[in-house]
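Residue numbers (my numbering): 51 to 503.
Using N, Cα and C, we set each Cβ at its ideal position, and we do this for glycine too.
Every value quoted in this text rests on a predicted model; they were computed, and no experiment measured them.
Below is one structure, written out as structure tokens, with a few remarks after it.
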Ligand code: SF4
Ligand code: SF4
């Protein structure tokens, strides 16, 4: 058989003058290998006869070397589609209220005091139940998004037993995740969410320390929120049974050019409270367009990616263990999953989470209809479902991007709206690979000593 070097490789420069080796990431398998200069040259030149069998086999195994006649893009897109088809989790997002206490400047949603009603709830359940005829599901997952979902806690309590019963009826397990601003995440509510309402993953947003967070994530009346949210989190993280409750809480820090300086102080504050091992995942996300111009204050992607490396280093220095390398990402988001839908408080149904309550998306193709007009009235056409085919057809830069298997294309809607969706890995993956090497080679403690001021 003839072979070729895979297109889906990221290879660093030599690690240093004294270490003439490189880190290789084969993104088709998300696996890494340290290669010496001689092997690197043979791989680049596709000099298979000169390569020893052991090296060749290792590179074949991680799919850094592939059959010469393989259409690799077709393979990746085929795997992505198969992952969608083979998935056995029935996933839905419910945004049970159009209300949120906060008035974040970058938010694109229009908040009103509307909550999902009894009639809409029954239709949501009916709609979800209709999906069980499509596949043999093993798990049902609900994501509670906002507005602020905890403002509709009564609706979550009302709907969850019915959702759980539905899952049981079809021999499925059940779990839920919650994305919240954290203001109402009091300890007793957290406990009930976990113990009674099946929530096993929570994400809370902190946009820096109080000074920065409160300047952007204040209440609609302009009141500060940081201290309340932080106290809620500290109480929960410090419960002696926090780990046993098995509901990890991640913290996201949304950043643009107005608060990027606040990331390091926030990391230090979290460390001062000894939360390094308790926070499931701390990450910094760029502000994106939300049917508005919020992204215009975002940092340039390259600048953000450079700063992300500093933030990762800072996390290591303060005892966090941030993940460095991406895994495979064959299912980019629910928009490419035909059975997953998003419901809002008015009964509208969408194929994307960023569309509900955003006025500029009203009447667009992302709105599949409204359940209150009858389930049969919902559109079967989902415009973002063709994303993988569009990549295959060369419509986006993802078509030729080495990161595609570990990225998936990032956000179909962004590409469709003409905005590059590339995550930071596109720009800083080589730095992350070198950091990964240093940690593997010397151990985390030695690495931290090396990067210490
Ligand atoms: S299309 Fe983009 S915004 Fe919509 S759910 Fe997917 S990733 Fe999120
Ligand atoms: S979104 Fe960017 S990084 Fe991801 S596959 Fe597409 S071009 Fe590559």
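Q) According to the neighbour-count rule (16 or more other Cβ atoms, all chains shown, within 10 Å of its Cβ), is residue 353 buried or exposed? A) exposed
Q | Residues near residue 130 by beta carbon distance below 6 Å, same chain, minus five either side | A | 380 and 438
Q) If you draw a straight line from the alpha carbon of residue 275 to that of residue 181, how long is it in whole angstroms? A) 40 Å
Q: Would you check if the stretch 161 to 172 and the stretch 221 to 231 touch, i.e. whether three or more CB-CB distances between them fall below 8 Å?
A: no
Q: Tell me, please, whether the stretch 400 to 417 touches the stretch 137 to 153 by the rule of three or more beta-carbon pairs shorter than 8 Å.
A: yes
Q | residue 338 in three-state terms, based on DSSP | A | coil
Q: Quick one: grab the DSSP three-state call for residue 247.
A: coil
Q | Beta-ladder partner(s) of residue 227, from DSSP | A | 193 and 251
Q: For residue 71, write down the residues that DSSP places opposite it in a beta bridge.
A: 86
(Q) At a cut-off of 7 Å, would you count residue 404 as near ligand 1, judging by its Cβ distance to the nearest heavy atom? (A) yes
Q: Would you check if the distance between the CB atom of residue 134 and the CB atom of residue 449 is smaller than 8 Å?
A: no
Q) Any chance the CB of residue 463 is under 7 Å from a heavy atom of ligand 1? A) yes
Q: Note down, in chain order, each residue of its chain lying with its Cβ closer than 6 Å to the Cβ of residue 362, except the 5 sequence neighbours on either side.
A: 372
Q | Member of 266, 77 and 321 whose CA lies at the smallest distance from the CA of residue 306 | A | 266
Q | Segment limits, beta strand (DSSP E) that includes residue 400 | A | 398 to 400
Q. Using a Cβ-Cβ distance under 8 Å, would residue 454 count as near chain D?
A. In the displayed structure, chain D is absent; only one protein chain is listed.
Q. Residue 270 and residue 151: beta carbons closer than 8 Å?
A. yes
Q.
On the criterion of 16 or more Cβ atoms from any shown chain inside 10 Å, does residue 462 qualify as buried, or is it exposed?
A. buried
Q | Rounded straight-line distance, which links the Cα of residue 444 to that of residue 391 | A | 27 Å
Q) Around the C-beta of residue 466, are 16 or more other C-beta atoms found within 10 angstroms, so that it is buried, or is it exposed? A) buried
Q: Put residue 118 into one of helix, strand or coil per three-state DSSP.
A: coil
Q) Roughly how many angstroms lie between the CA atoms of residue 383 and residue 457, to the nearest whole one? A) 11 Å
Q.
Checking the sheet assignment: what are the DSSP bridge partners for residue 303?
A. 334
Q: Return the residue from the list 102, 78 and 77 that minimises the CA-CA distance to residue 86.
A: 102
Q) Hey, residue 108 and residue 140 are a contact pair by Cβ (cut 8 Å); roughly how many whole angstroms apart? A) Contact flag wrong, Cβ pair sits at about 39 Å.
(Q) For residue 214, which residues in the same chain have their Cβ closer than 7 Å to its Cβ, ignoring the five residues on either side in sequence? (A) 224 and 248
**Q.** residue 321 - partner residues in DSSP beta bridges
**A.** Note: residue 321 sits in no beta bridge, so no partner.
**Q.** Start and end residues, alpha helix (DSSP H) containing residue 310
**A.** From DSSP, residue 310 is part of no alpha helix (DSSP H); its letter is neither H nor E.
Q) Does the Cβ of residue 468 have 16 or more other Cβ atoms within 10 Å, making it buried, or fewer, making it exposed? A) exposed
Q | Simplified DSSP state of residue 188, which is helix, strand or coil | A | coil
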